[in-house]
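>
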Ligand SMILES: Nc1nc2c(ncn2[C@@H]2O[C@H](COP(=O)(O)OP(=O)(O)OP(=O)(O)O)[C@@H](O)[C@H]2O)c(=O)[nH]1
Ligand SMILES: [Mg+2]
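In our numbering, the protein residues as written are 353 to 654.
1) Does DSSP classify residue 654 as helix, strand or coil?
2) In chain order, what residues of the same chain lie with their CB nearer than 6 Å to the CB of residue 635, ignoring the 5 residues before and after it?
3) Among 390, 527 and 471, which one has its Cα closest to the Cα of residue 663?
4) Answer with buried or exposed for residue 654, where buried requires no fewer than 16 other C-beta atoms within 10 angstroms of its C-beta.
5) What is the rounded straight-line gap between the Cα of residue 485 and the Cα of residue 396?
6) So, for residue 433: in the same chain, excluding its five sequence neighbours on each side, which residues have a beta-carbon less than 6 Å away from its beta-carbon?
7) Whole-angstrom Cβ separation of residue 630 and residue 586, contact assumed at under 8 Å?
8) Whose C-beta lies closer than 8 Å to the C-beta of residue 448 among residues of the same chain, with five residues either side of it excluded?
9) Hey, would you say residue 407 sits closer than 7 Å to residue 416, going by beta carbons?
10) Mind the definition here: the segment 595 to 610 touches the segment 529 to 541 only if three or more C-beta pairs lie below 8 Å; say whether that holds.
11) What does DSSP give as the partner residue(s) for residue 413 in the beta ladder?
12) Return helix, strand or coil for residue 544, following the three-state DSSP convention.
13) Taking the beta strand (DSSP E) that residue 467 belongs to, which residues open and close that run?
14) Which residue wins for smallest C-alpha separation from residue 556, given the options 599, 535, 616 and 524?
15) Can residue 387 be considered in contact with ligand 1, in the sense that its beta carbon sits closer than 6 Å to one or more heavy atoms?
16) Rounding to the nearest angstrom, what Cα-Cα distance links residue 606 and residue 632 in this structure?
17) So the candidates are 526, 375 and 488; which of them puts its Cα closest to the Cα of residue 509?
18) Using three-state DSSP, classify residue 563 as helix, strand or coil.
19) Can you tell me whether residue 382 is buried or exposed? The criterion is at least 16 other CB atoms within 10 Å of its CB, across all chains shown.
20) Compute the minimum distance between the beta carbon of residue 378 and the heavy atoms of ligand 2, and state whether it is under 6 Å.
21) According to DSSP, is residue 528 helix, strand or coil?
22) Going by the beta-carbon positions, is the gap between residue 561 and residue 603 smaller than 7 Å?
23) Can you tell me where the beta strand (DSSP E) with residue 662 in it begins and where it stops?
24) Would you give the residue range spanned by the alpha helix (DSSP H) that residue 510 belongs to?
25) Restricting to runs no shorter than 4 residues, where is the alpha helix (DSSP H) found entirely within the segment 465 to 504?
26) Please state whether the Cβ-Cβ distance between residue 512 and residue 453 is less than 7 Å.
27) Note down the Cα distance separating residue 496 from residue 507, rounded to an integer number of angstroms.
28) Between the beta-carbon of residue 394 and the beta-carbon of residue 423, is there less than 7 Å?
29) Report yes if the C-beta of residue 393 is less than 6 Å from at least one heavy atom of ligand 1; otherwise report no.
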């Protein structure tokens with residue numbers, strides 16, 4: 353007789369917290385390991401604000417990744433909360449994956465994080481990311497430096513954008529996973545609701561299409577998410593919340609051109625994610641100084 357327990361006798365499963373300085377490429381790496389885009393990315397730091405869970409299914413294991421916001425010395429209320437989110441993910445994980453940008457080191461944030469990791473007795477793996485941007489000799493020097501600076505269990509040089517050494521990294525993590533049955537069903541990619549990811553896709557378009565303080569002053573809420581025509585169409589209404597009236601004009605643009613572009617790009621990304629035609633309607637609203645307002649922060653999910 354074969355029982356579920358027998359089926360998973362040697363199976364491994366566990367949680368991996370992906371941590372690092374802002375802009376190290378954590379979310380890009382998560383998407384690459386998943387083979388799907390669930391976590392938003394941009395060339396600006398502090399893109400990720402929440403924990404983003406992604407499940408990698410392998411024949412002998414299930415690896416549950418928690419992508420986290422970049423860790424740095426935060427000063428305002430929003431950022432302090434965001435950094436706390438990342439730090440708390442460390443405490444809940446079986447393995448910690450520290451992602452480092454080898455091309456643009458951020459020593460202040462990196463050592464702030466290393467200090468936090470020093471007291472951990474769980475496996476800590478180091479992914480040296482963006483190796484496509486540096487020379488081999490510099491990479492060797494970086495490996496040498498980090499092997500003396502901290503007791504990493506494994507160091508794997510990778511490129512998240514090029515897909516270099518991703519399998520090696522995944523296998524290294526699999527080695528450190530505890531024995532146990534899967535936590536998620538076979539087809540699960542994430543535990544995040546589609547409407548949350550839709551709001552994130554809109555935020556990503558704003559991060560990519562606007563400059564200065566605008567992305568940082570933005571929160572996006574999906575107000576309604578409705579299936580129509582027997583599931584052939586999804587109608588989404590979302591509001592872009594800004595901090596000041598002056599930011600409203602920037603995001604709307606001349607004759608509404610900027611908002612239109614944000615809408616089109618976001619719609620395409622959401623369509624790809626849910627594999628359904630999407631009708632997206634965007635609204636813009638000012639919620640004065642929401643980043644300092646604890647009630648507003650809670651409402652926006654921070
Ligand atoms: N050249 C190169 N660029 C990369 C690589 N990995 C990520 N990037 C770029 O680095 C930038 C930041 O990537 P993200 O994945 O958003 O970084 P993050 O660590 O999640 O950033 P936060 O969420 O802000 O903490 C993006 O422009 C990525 O395309 C890589 O291996 N090589
Ligand atoms: Mg990120």
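Glycine is no exception: its CB is placed at the ideal position from the N, C-alpha and C atoms.
On the basis of the coordinates in this document:
1) Within the chain shown, residue 654 is the residue found at index 302, counting from 1. Coil at residue 654, not helix or strand.
2) The residue given as residue 635 occupies position 283 in the chain shown. Within the same chain, residue 635 has close Cβ partners 591.
3) Given a span of 353 to 654 for the chain in the structure shown, any question on residue 663 remains unanswerable.
4) For the purposes of this step, residue 654 is taken as residue 302 along the chain shown, with counting starting at 1. Looking at its Cβ environment, which holds 16 or more other Cβ atoms inside 10 Å, residue 654 is buried.
5) Counting from 1 along the chain shown, the entry for residue 485 is found at position 133. Counting from 1 along the chain shown, the entry for residue 396 is found at position 44. Using only the alpha carbons, I get a separation of about 17 Å.
6) Position 81 of the chain shown, counting from 1, holds the residue named residue 433. Excluding positions up to five away in sequence, the list reads 654.
7) Against the chain shown, residue 630 aligns to sequence position 278. Against the chain shown, residue 586 aligns to sequence position 234. At roughly 5 Å, the Cβ-Cβ gap stays under 8 Å, so residue 630 and residue 586 are in contact.
8) For this step, residue 448 is matched to residue 96 along the chain shown. Listed in chain order, the non-local C-beta contacts of residue 448 below 8 Å within the same chain comprise 368, 369, 371, 442, 469, 472, 474, 475, 476 and 477, local neighbours out to five positions each way being set aside.
9) The residue you call residue 407 lines up with position 55 of the chain shown. The residue you call residue 416 lines up with position 64 of the chain shown. Taking 7 Å as the Cβ cut-off, residue 407 and residue 416 qualify as a contacting pair.
10) Taking 8 Å as the limit for Cβ pairs, the verdict is that the segment 529 to 541 does not touch the segment 595 to 610.
11) As a working mapping, residue 413 is identified with position 61 in the chain shown. Residue 413 pairs with 364 and 410.
12) In the chain shown, the residue the question calls residue 544 occupies position 192. DSSP places residue 544 in coil when its eight states are reduced to three.
13) Start at 1 with the first residue of the chain shown, and residue 467 comes out as number 115. Careful: residue 467 lies outside any beta strand (DSSP E), inside the alpha helix (DSSP H) at 459 to 470.
14) To locate residue 556, count along the chain shown from 1; it is residue 204. Ranking 599, 535, 616 and 524 by Cα distance to residue 556 puts 616 first.
15) Here residue 387 corresponds to residue number 35 of the chain shown, with the count starting at 1. Checking the Cβ of residue 387 against ligand 1 gives no.
16) Taking the first residue of the chain shown as 1, we reach residue 606 at position 254. Taking the first residue of the chain shown as 1, we reach residue 632 at position 280. Cα-Cα distance, rounded: 20 Å.
17) Taking the chain shown and counting its residues from 1, one reaches residue 509 at position 157. Residue 488 is the option with its Cα nearest to residue 509.
18) For the purposes of this step, residue 563 is identified with residue 211 of the chain shown, where counting begins at 1. Residue 563 falls in the coil class under three-state DSSP.
19) Along the chain shown, one-based indexing puts residue 382 at 30. So residue 382 ends up on the buried side.
20) Taking the first residue of the chain shown as 1, we reach residue 378 at position 26. Indeed, a heavy atom of ligand 2 lies less than 6 Å from the Cβ.
21) Working through the chain shown from its first residue, we reach residue 528 at position 176. DSSP places residue 528 in helix when its eight states are reduced to three.
22) Translated into the one-based positions of the chain shown, residue 561 becomes position 209. Translated into the one-based positions of the chain shown, residue 603 becomes position 251. Not in contact: residue 561 and residue 603 (Cβ atoms no closer than 7 Å).
23) With the chain covering 353 to 654 only, the question about residue 662 has no answer from this structure.
24) Within the chain shown, the letter at position 158 stands for residue 510. Here residue 510 belongs to no alpha helix (DSSP H), and DSSP marks it neither H nor E.
25) For the segment 465 to 504, whole alpha helix (DSSP H) runs of length 4 or above, ordered along the chain, are 488 to 501.
26) What you label residue 512 is simply residue 160 of the chain shown in a count that begins at 1. What you label residue 453 is simply residue 101 of the chain shown in a count that begins at 1. No; because the gap between Cβ atoms is not below 7 Å, this pair is not in contact.
27) Locating residue 496 in the chain shown gives position 144, counting from the first residue. Locating residue 507 in the chain shown gives position 155, counting from the first residue. Taking C-alpha positions only, residue 496 is separated from residue 507 by approximately 10 Å.
28) Looking up residue 394 in the chain shown gives position 42. Looking up residue 423 in the chain shown gives position 71. Taking 7 Å as the Cβ cut-off, residue 394 and residue 423 do not qualify as a contacting pair.
29) Counting from 1 along the chain shown, the entry for residue 393 is found at position 41. Yes, the beta carbon of residue 393 sits closer than 6 Å to at least one heavy atom of ligand 1.
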